[in-house]
Amino acid sequence: TPAAGPQPLRLSFAAVAKSTADVVSVPAGYTATVLYAVGDPLDAATPDYRNDGTDTGFENRAGDHHDGMEYFGLNAAGTARDAAGSDRAILAMNHEALTDQFLHAAGTTPNPRPAAEADKEIPAHGLSFVEVRKQNGRFAYVKGSAYNRRVTPLTPMRIHGPARSSTLMKTLFSSVGTDCRGTINNCGTGITPWGSFLTGEENWAGYFTRSSTDNTARGGATARSVVSLNRYGRAQGAASRHGWETAGAADAYARWNISQVGASTDGTDDYRNELNTFGWMVEADPYDGTQALRKRTALGRFAHESAAFGLRAPGRPLAVYMGDDSRGEYIYKFVSAANWDAADANPANRITTGDKYLDAGKLYVAKFNADGTGQWIELAIANPAISGYATYTFADQADVLVNARLAADALGATKMDRPEWCAVHPVTGEIYYTLTNNSNRKVEPTGTQMALDAANPRAYTDAPTAPSAPGNINGHIVRMRETGGDTAATGFTWDIYLFGAEAGMDPAKVNLSSLTADQDFSSPDGLWFSAKTGFVFIQTDDGAFTDVTNCMMLVGKPGQVGDGATRVLQYTKGDGSTLDVQTRVGATPGADTLRRFLVGPADCEITGICETPDGRALFVNVQHPGESISKANVTDPTKYLSHWPGNAGYGAGGAGARPRSATIVITRDNGGLIAADGDAVL
Ligand code: FEO
Ligand code: CA
Ligand code: CA
Ligand code: CA
């Protein structure tokens, strides 16, 4: 008999088993449909995608490596924004990177790169804005929609915030440092309270090269520009990721070489500062392609993932949470100078509303304490720890933001196990961060390796089932609660919501969340809360568990900071002595609070997620199926590690097809809420 009265929402699906099959698996009663794959034409003039390496014109096709994604509703006529529009929308998504070989007929040509190959690879990066529409109960993308457009690494955009006009931003393209070209390696995303799109530039540094002899005019090997380059993971003389600078003398290629070639002292006659125009959170108006995108420099320059807004209150500042995804990097928070005005939720002009909230404010970095508290420390030039930093002399606040990693070093922030996405619980306001993994987290670190600490407390050296690669190879998810629930707080409490692990591993040392076979996962990356159900969705980008299962997505119904217990993890050092690490572990999940919802096709990552406002359609990205073959230039289709989505009937090629990154849409066969049953919808 049905219970009387409203029932709280509960997870409502049968857990999906781990799998290495080259298919998308979803629970019984759900359907996953391919919606928008690399190469799909955005306009009527662009031919269908042959997927044989001969296709060109990626400026008018879906780019590669679909990543973060947000939903922007339209009214039924498609003429205006409708925050409740569940049948028609613009999907905004990132195209992070490439599976190179499948863009070309016979694989990738080494340096010097043919211009014809670079001319496909460059615009296969960037963003898509694509209209999707539900007709006869099914979503499809709308070829030829006036909203469809691509943003690429060559699209002109503007520099905003404190680093605008800085000497660090002056280039041949913009001698006054106010403009720049393009966005690249876009990973996570965000959606602003005023209905615009945020996209984070992640591994941008690797696309550039700087000569090993490019020192003299710039102050030698200890020059600040070299210290900066090194701190963002690049060495002088290191080859660029795709060698585009070798494809010709034209500016579109030459700009990827950031060596000094001009005689100016300010960099206005070459590309030496081009690197400084990347590494930002970028804002776009999905509804209005006439508005130039803005690089929001007040939010700092690092390997950006997602941007999650804290719960907002009228008259209080906005908080934007962000992570820097590299081993030992930091967790950041931006607090706006402007206080939230609810009238800005549906503004006349989204980009100028972004100017109001995102161009002035304070940028903080997180320090985690062993007792479960933490501090946000401001990256301010006025702080003596920054102005007097011995490793790098900051010129001004613009320099602090351009070199946020160095400034955070100076403040002694906590080095985390690769902060990927963050997300904010829509009811509690608690902030969740995936820490995807860190093979350099050690019981006894040497060199650049990192010691264990309370917020990064796990290494595998003495685990009974220790994998060959030690460190924190399965990652974890930390969560934080601002003091007083205030977005502007400078203190927080924290615990670890979940530790990734294989179910069979030792619950005392490795499987610290006691995950079962229906819950076990490794390397959490994408992270998102449904605004409809309040459930958390966890997506993986894994290499440690892929002998057992392809990457996946789980759904959880989390509690809150402090619902678990303090634990002491004991490690044995090489000399037989012990190391105790105290941490705080959230409540052990049960079958009613965490289940696997989806497993992707072979050799993919699951990333990017958004929903219709009615909670009845979920969009998810499948990134780089079959990517491991990318550098091998294998031409025998039987050797491809994936044939998805061709093997699922999408596009040309069938079961022998080259794999393609793609967006899928998931619906419930009974038309119900995704993953949930009950009445008490948020
Ligand atoms: Fe592009 Fe850190 O994931
Ligand atoms: Ca990611
Ligand atoms: Ca990742
Ligand atoms: Ca990946």
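Under UniProt numbering, the first residue of the sequence shown carries the number 77, and numbering increases by one thereafter.
Just so it is clear, CB atoms sit at the ideal spot from N, CA and C, and this is done for glycine as well.
A quick note: this is a predicted structure, and the numbers were derived from the prediction, not measured.
C-beta contact flag for residue i and residue j at 8 Å
i, j, result
"Val396", "Thr259", "no"
"Met145", "Thr739", "yes"
"Pro677", "Val644", "no"
"Ala113", "Ala138", "yes"
"Phe589", "Phe575", "The sequence given here has Ser at residue 589, not Phe. Yes, the Cβ-Cβ distance between Ser589 and Phe575 is below 8 Å."
"Met465", "Val441", "The sequence given here places Tyr at residue 465; Met does not occur at that position. The answer is no: Cβ separation not under 8 Å."
"Met169", "Ser204", "yes"
"Val554", "Leu511", "yes"
"Asn514", "Asn550", "no"
"Trp720", "Val99", "yes"
"Tyr308", "Phe148", "no"
"Arg426", "Asp361", "yes"
"Phe410", "Leu439", "yes"
"Phe613", "Val631", "yes"
"Asp529", "Thr504", "no"
Selected residue, minimal CA-CA separation from residue i, among the options
i, options, result
"Asn220", "His501, Pro123 and Ser589", "Reading the sequence as shown, one finds Gly at residue 220 and not Asn. Of His501, Pro123 and Ser589, the residue nearest in Cα terms is Pro123."
"Phe284", "Phe354, Ser250, Asp345 and Gly253", "Phe354"
"Pro229", "Gly202, Arg240 and Ala330", "Gly202"
"residue 68", "Ser288, Thr289 and Pro103", "Missing from the structure shown is residue 68; the chain here goes from 77 to 758 and no further."
"Ala152", "Val208, Gly276 and Ala446", "Val208"
"Asn197", "Tyr125, His171 and Ala724", "Looking at the sequence provided, one finds Glu at residue 197 rather than Asn. Nearest option by C-alpha distance: His171."
"Ile235", "Tyr217, His180 and Gly430", "Gly430"
"Ala458", "Gln451, Gly448, Gly450 and Thr469", "Thr469"
"Thr344", "Thr366, Met245 and Asp596", "Met245"
"Arg157", "Ser412, Glu381, Asn422 and Asn224", "Asn422"
"Asn262", "Trp497, Asp571 and Phe444", "Trp497"
"Tyr726", "Val92, Arg126, Pro82 and Gly547", "Arg126"
"Ile166", "Leu150, Asp176, His180 and Leu174", "Leu150"
"Gly640", "Pro117, Tyr573, Pro701 and Asp668", "Tyr573"
Assigned exposure category for residue i - 16 Cβ within 10 Å defines buried
i, result
"Lys649", "exposed"
"Asn187", "exposed"
"Arg370", "buried"
"Thr541", "A caution first: Thr541 carries a pLDDT of 42, below 50, which makes its placement in the model too unreliable to give a value."
"Asn306", "exposed"
"Leu87", "buried"
"Ser544", "Because Ser544 carries a pLDDT of 43, less than 50, the predicted location of this residue cannot be relied on, and no value is offered for it."
"Thr683", "buried"
"Gly296", "exposed"
"Ala200", "buried"
"Arg310", "buried"
"Pro393", "buried"
"Ala418", "exposed"
"Pro600", "buried"
"Lys707", "exposed"
"Asp618", "buried"
Residue i: CB within 7 Å of a non-hydrogen atom of ligand 1
i, result
"Asp140", "no"
"Glu277", "no"
"Cys498", "no"
"Asp400", "no"
"Cys627", "no"
"Cys263", "yes"
"Asp417", "no"
Residues bridged to residue i [DSSP beta-bridge criterion]
i, result
"Gln615", "Met629"
"Ser204", "Met169 and Arg226"
"residue 759", "Residue numbering for the chain in the displayed model covers 77 to 758; residue 759 lies beyond these limits and cannot be assessed."
"Glu359", "Leu274 and Arg370"
"Lys409", "Tyr397 and Tyr440"
"Lys647", "Sequence check: residue 647 is Tyr here, not Lys. DSSP output for Tyr647 lists Leu655 as bridge partner(s)."
"Ser101", "Val675"
"Lys608", "Lys608 is not bridged to any residue."
"Cys263", "Beta-bridge pairing links Cys263 to no other residue."
"Trp452", "Ala442"
"Val110", "Ile740"
"Cys498", "Tyr509"
"Lys210", "Phe215"
"His380", "Asp400"
Near ligand 3: residue i beta-carbon under 7 Å from a heavy atom
i, result
"Asp679", "no"
"Thr512", "yes"
"Asp601", "yes"
"Asp617", "yes"
Residue i beta carbon near ligand 2 (any heavy atom closer than 7 Å)
i, result
"Cys686", "no"
"Glu381", "yes"
Residue i beta carbon near ligand 6 (any heavy atom closer than 7 Å)
i, result
"Glu172", "With respect to ligand 6, the structure shown offers nothing to examine, as its ligands consist of ligand 1, ligand 2, ligand 3 and ligand 4."
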